[in-house]
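**Q** Under the working numbering, the first residue of the sequence shown carries the number 15, and numbering increases by one thereafter.
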Amino acid sequence: MTAGTAGARATPARAGRSVAVVLAAARAGVLAAASLAAAAFAQGSGTGAGTGAGTGAGTGAGTGATTAHAARYAELCAACHGPRGTSEMALVPHLGGQPSFYAITQLFLFREGRRNDHPLAAAMATIAKGMSDADLRGFSEFIATLPPPSAAGGGTRDAARFDRGRALAFQHHCTGCHGADLAGGRQVPRVGGQREDYLLIALKGFRSGVRLGYTNAMGEALAGLGEAQIEDLAHFLAHAVAAAAPAAAAAASSSPR
Ligand code: HEC
Ligand code: HEC
């Protein structure tokens, strides 16, 4: 709570200082970014726990924000991201089950115009522009309560590409940060079952350095990977639907080639 309280003083000074906060976070690493997110949570509910996952009930102030933002999500966000956070729209990411810490920081980056490596990023930035810190918190808490995508994030699964992508994901420690089930946690996004078209843009953005992260972790994880390997990774992630990923991976590896 101490880090959160200190950060909470910094975030309301939106225009100039909050950009500095994010850039400092990008330089200083995960801890600074985590306290940025914690700060925004702390302003409302005072818990800062960021649990969200399906347990909205009984958290006092947090519940109020989530209910109001559920209605605004339906009105403002569902057309692109889907009413339950599963996007049917090309290039638009699924949001369901994203950790609230991850979501709030991304909304912050959009609001400040710092995330712009995607052909539709301007649309997202326009939407985020008018959000208050309470909105960032309310939307991200609500997003965390939406169900993770239950079907693969695109097209037909190609066993050879899936296997190559899975091998790369272990070699390059993707699962070390994103989790064996690729569900993410705190500042690390859920990537299992995400749309393949969106994943490709995200991975290329990190590899080329145009997409800003908390640290250079993603740039380092992707260093030296070629185009075909990035495509295999995106294919694997899209078809590794979170809950089923370990079993599906095990079955794939034991099947004869
Ligand atoms: C016009 C379509 C559109 C609408 C409406 C829209 N979004 Fe988005 N959203 C996008 C696109 C496209 C991206 C990916 C942009 C990028 O990668 O730069 C995105 C990205 C995001 C992300 C980051 C996801 C990730 O995996 O990093 C969050 C969080 C988000 N949107 C929340 C919202 C919320 C909350 C609303 C409503 C207030 C909303 N969006 C409305 C198109 C939309
Ligand atoms: C050291 C931890 C770490 C490692 C290793 C790592 N990631 Fe990440 N990844 C992150 C974090 C943290 C983010 C959020 C963006 C940021 O702040 O850098 C992220 C973001 C992403 C995103 C964007 C998701 C979205 O919704 O926009 C994708 C896709 C992704 N990682 C895939 C991978 C793949 C594939 C690998 C392995 C080649 C990998 N990651 C390795 C920590 C890691």
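Glycine residues also receive a C-beta, built at the ideal position from the N, C-alpha and C atoms.
Using DSSP with H/G/I as helix, E/B as strand and the rest coil, what is G199?
**A** Note: G199 maps to strand in three-state DSSP.
**Q** How would you label H253, buried or exposed, when you count the other beta carbons within 10 angstroms and need 16 or more for buried?
**A** Result: buried.
**Q** From the DSSP output, in three-state form, read off Q112 for me.
**A** Three-state DSSP puts Q112 in coil, outside helix and strand.
**Q** Below 8 Å on the Cβ atoms is my contact criterion, and I expect L226 with L123 to pass it. Report the Cβ-Cβ distance as a whole number of Å.
**A** Between L123 and L226 the Cβ distance is about 6 Å, and since that is below 8 Å, they are a contact.
**Q** Just to confirm, does F122 get its C-beta within under 7 Å of one of the non-hydrogen atoms of ligand 1?
**A** Because no heavy atom of ligand 1 lies under 7 Å away, the Cβ of F122 does not count as near it: no.
**Q** If L150 and I118 are in contact, beta carbons under 8 Å, what's the gap, nearest whole angstrom?
**A** With a Cβ gap of about 5 Å, L150 and I118 count as contacting.
**Q** What does the alpha-carbon distance come out to for the pair F220 and A88?
**A** Rounded to the nearest angstrom, the two C-alpha atoms are 30 Å apart.
**Q** Taking the beta carbon of G99 as the centre, do at least 16 other beta carbons fall within 10 Å, making it buried, or is it exposed?
**A** It counts as buried.
**Q** To the nearest angstrom, how far is the alpha carbon of A235 from that of R204?
**A** Cα to Cα, the separation comes out at about 16 Å.
**Q** Between F153 and H83, is the Cβ-Cβ spacing less than 8 Å?
**A** Yes, the pair counts as a contact, with Cβ atoms nearer than the cut-off.
**Q** I'd like to confirm something about C191: is its beta-carbon nearer than 7 Å to some heavy atom of ligand 2, or not?
**A** Answer for C191: yes, Cβ within range of ligand 2.
**Q** Does DSSP put T229 in a helix, in a strand, or in coil?
**A** Note: T229 maps to coil in three-state DSSP.
**Q** CA-CA distance, A39 and N230?
**A** In this predicted model, A39 has a pLDDT of only 46, less than 50, meaning its place in the structure is not dependable; the value taken from the coordinates is given anyway. Cα to Cα, A39 sits roughly 11 Å from N230.
**Q** Is it the case that the CB of R129 approaches a heavy atom of ligand 1 more closely than 7 Å?
**A** Under cutoff, so the answer is yes.
**Q** Using only alpha-carbon positions, find the residue among R128, L213 and G223 that is nearest to H108.
**A** The shortest C-alpha separation from H108 is found at L213.
**Q** Out of curiosity, what's the CA-to-CA distance linking A92 and G207?
**A** If you take the alpha carbons of A92 and G207, they lie about 19 Å apart.
**Q** Quick check on the burial criterion: 16 or more other C-beta atoms within 10 angstroms. Buried or exposed for E273?
**A** What the structure shows of the chain is the stretch from 15 to 271, and residue 273 is not part of that stretch, so it cannot be assessed.
**Q** Using the Cβ count rule (16 or more neighbours within 10 Å means buried), how would you classify F184?
**A** Flag for F184 reads exposed.
**Q** Cβ of V255 within 7 Å of any heavy atom in ligand 2?
**A** No - ligand 2 has no heavy atom lying nearer than 7 Å to the Cβ of V255.
**Q** If L182 sits next to Q243, beta carbons under 8 Å apart, how far is it from one beta carbon to the other, in whole angstroms?
**A** Yes, L182 and Q243 are in contact; Cβ-Cβ is about 6 Å, under 8 Å.
**Q** Where does the unbroken alpha helix (DSSP H) through A92 begin, and where does it stop?
**A** Residues A92 to H95.
**Q** List in chain order: all unbroken alpha helix (DSSP H) runs of 4+ residues lying wholly within the segment 125-173.
**A** Listed in chain order, the complete alpha helix (DSSP H) runs (minimum 4 residues) inside the segment 125-173 are 135-143 and 147-159.
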